[in-house]
Amino acid sequence: MRKLKLVGLASKSLSRILYSRGSYFNFVQGEKQAFMHTRRLCSYRYAAGIVKVPDEAIFTLASAKRYFHATGPSYANERNHYEVLGVSRNASRDEIKKAFHELAKKYHPDTNKNNLAAKRKFQQIRDAYETLRDSEKRAQYDMVLDMGADNIRHDFTDSSENVHYDFQDSEAFRNAYRKHFSNSFHKIFSEIFEDEVENVAEDIQLELSLSFSEAAQGCTKHLSFDAYIPCDSCHGHGHPIDAKTRACPTCGGFGRVTIPPFTSTCSTCKGSGRIIRDSCRVCRGLGVIEGVKEVRVTIPAGLDTGDTITVPKAGNYGGRGAQPGNLYIRLKVAVDPIFTRDGVDIYVDANISFTQAILGGRVEVPTLSGKVSLDIPKGVQPGQVVVLRGKGLPKHGFLVNRGDQCVRFRINFPTNINERQRAILEEFEKEEIIREGDSSSEGSWWQQIFEYGTSPKFMLELSVLLLILLFLKKIML
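For the sequence shown, the tail end lands on 477 under UniProt numbering, and the numbers increase by one without skipping.
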């Protein structure tokens with residue numbers, strides 16, 4: 001070990017030298033040793049132009065356009081797959097599988113619609129299970145955890161200085177890692193350290209009441225609701241228009257921090273790459289204020305209570321580069337006094353007199369497109385249904401684009417009648433009794449013949465008659 005004095009800032013980078021001097025890694029055996037040794041090179045202290053390095057590795061410090069704080073412990077414990085699944089390090093494969101199925105059922109997107117937090121949680125659960133269910137991936141992942149706890153934490157907690165690093169050559173440093181690590185090993189590192197969370201503002205959920213006609217035929221609604229809107233003073237930037245900005249000292253203005261071979265969003269500037277000292281006094285640097293937002297929404301025809309309409313990016317304004325949230329409109333359709341809905345089919349009652357039910361006729365019935373005249377079948381019964389094809393609600397995704405309208409007949413019987421009507425009805429009743437009596441008598445005569453023909457007495461008489469006929473035939477011969 002020896003001290004080397006640095007003369008100014010060199011143009012070559014740490015990553016390029018390490019990558020070009022591939023012989024330096026020849027003495028390192030195995031992937032774990034290569035990783036530990038390279039990380040150790042990145043963790044030496046640089047102060048007052050003096051640097052301590054091993055004799056085998058002589059390199060020059062790169063000119064820095066970006067900075068990163070070496071805070072390894074946060075990476076060592078981030079997104080521990082065992083903690084995500086709620087199992088111990090020595091859990092069996094069956095225990096891991098059981099824990100995955102329980103959590104997947106709880107956080108599945110189908111059972112947590114419009115819940116972005118549950119969606120992210122389900123993604124973490126699935127990633128953890130994909131790694132731990134494979135014995136080879138699990139062994140490599142355990143090695144990563146062991147190294148993170150024993151070595152990475154120790155290397156980075158001893159130094160609080162900013163390490164100057166030329167990130168233009170970070171890809172060369174990544175290639176050096178890929179050269180000494182397998183693809184699956186690098187993939188596991190990527191799953192742990194390169195997880196990106198999109199910066200999106202909160203969604204807004206509303207409930208919209210519709211009449212039956214509006215839901216059936218579709219309509220356009222103008223909605224006003226409370227939401228976070230862009231700040232009028234700074235136009236959503238979080239700072240005055242003429243405010244002076246400077247490059248973020250943590251990421252050097254790139255918005256991302258790289259500890260080779262891993263990259264993450266800068267936590268200081270939240271990915272913007274700029275630091276503003278003078279924030280907007282109205283929104284206090286947030287870029288958003290509380291206000292009222294207006295949205296024009298088109299409601300498709302045929303929707304029902306419980307259906308949800310999604311308006312992308314119509315929710316809360318993000319501010320400072322964040323994506324706006326979505327607007328989710330949950331529908332509530334009012335009960336109609338005339339129409340009753342059953343899926344895409346609708347039912348309506350048609351009230352007719354008892355004479356119309358007997359003699360037939362015509363009746364007007366309401367439909368979604370207006371009243372139509374309907375023929376009444378002769379002798380229609382109470383509750384009998386006549387179907388009007390294609391008069392129902394619109395279907396979505398079917399060959400037949402509309403449902404049917406079903407007309408149920410309700411027969412109104414008079415409660416008060418005059419003497420003439422009573423006499424007519426009594427005469428009608430007498431004729432009905434006579435007709436029923438004739439039908440009953442006719443039915444009884446045939447029934448008596450059938451019963452006599454199948455009785456034992458008839459069979460005995462028929463047998464005697466046959467014997468007599470045979471006897472007479474024999475005498476005549």
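In this text, a Cβ means the ideal position worked out from N, Cα and C, and glycines have one as well.
- Going by DSSP, residue 381 is part of no beta strand (DSSP E) at all; its letter is neither H nor E.
- For the pair of segments examined, the stretch 328-335 was found not to touch the stretch 263-274: the number of CB pairs separated by less than 8 Å stays below three.
- Annotated three-state conformation of residue 414 is coil, per DSSP.
- Here residue 285 is not near residue 254, since their CB atoms are 8 Å or more apart.
- Measuring C-alpha to C-alpha distances from residue 321 to each of 403, 304, 201, 95 identifies 201 as the nearest.
- For residue 225, the enclosing beta strand (DSSP E) covers residues 219-230.
- Residue environment for residue 453: exposed (fewer than 16 other C-beta atoms within 10 angstroms of its C-beta).
- Shown here, residue 319 sits in a strand according to DSSP, grouped into three states.
- Shortest Cα-Cα distance from residue 405 to any of 372, 373, 389 involves 389.
- DSSP places residue 353 in the strand class (E or B) of the three-state scheme.
- CA-to-CA, the gap between residue 204 and residue 304 works out to about 20 Å.
- In the structure shown, residue 340 adopts extended strand secondary structure according to DSSP, grouped into three states.
- Taking every protein chain shown into account, the CB of residue 341 has 16 or more other CB atoms within 10 angstroms, so this residue is buried.
- Following the DSSP letters along the chain, one finds residue 366 inside the beta strand (DSSP E) bounded by residues 361-367.
- Annotated three-state conformation of residue 133 is coil, per DSSP.
- Cβ atoms of residue 107 and residue 118 come within 8 Å of each other, at about 5 Å.
- The stretch 99-113 and the stretch 136-145 do not touch, with fewer than 3 CB-CB distances between them shorter than 8 Å.
- Here residue 216 is buried, its C-beta having at least 16 other C-beta atoms within 10 Å.
- No Cβ-Cβ contact shorter than 8 Å links residue 292 with residue 311.
- Residue nearest to residue 319 within the set 413, 301, 365, 231 is 231 (criterion: CA-CA distance).
- In the structure shown, residue 241 adopts coil according to DSSP, grouped into three states.
- Within a 10 Å sphere around the beta-carbon of residue 425 sit fewer than 16 other beta-carbons, which makes this residue exposed.
- In this model, residue 126 and residue 104 are separated by some 8 Å (Cα to Cα).
- Pairing residue 256 with residue 271, the inter-Cα distance amounts to about 6 Å.
- Closest option to residue 223, judged by alpha-carbon separation, among 295, 358, 369: 295.
- The alpha carbon of residue 344 has as its nearest neighbour, out of 351, 392, 314, the alpha carbon of 392.
- The DSSP-derived three-state label of residue 324 is coil.
- For residue 208, the enclosing beta strand (DSSP E) has its first and last residue at 204-210.
- Put simply, the stretch 374-381 touches the stretch 352-360. At least three CB pairs are less than 8 Å apart.
- In this structure, the beta-carbon distance from residue 336 to residue 212 falls below 8 Å.
- Distances from the CA of residue 314 to each of 251, 233, 282, 325 were compared; the closest alpha carbon is that of 325.
- Around the beta carbon of residue 407, a 10 Å sphere encloses 16 or more other beta carbons of the protein chains shown; the residue is thus reported as buried.
- The DSSP assignment places complete beta strand (DSSP E) segments of no fewer than 3 residues inside the stretch 256-322 at 256-259, 262-265, 274-276, 288-299, 308-311, in order along the chain.
- DSSP lists 274 as the beta-bridge partner residues of residue 247.
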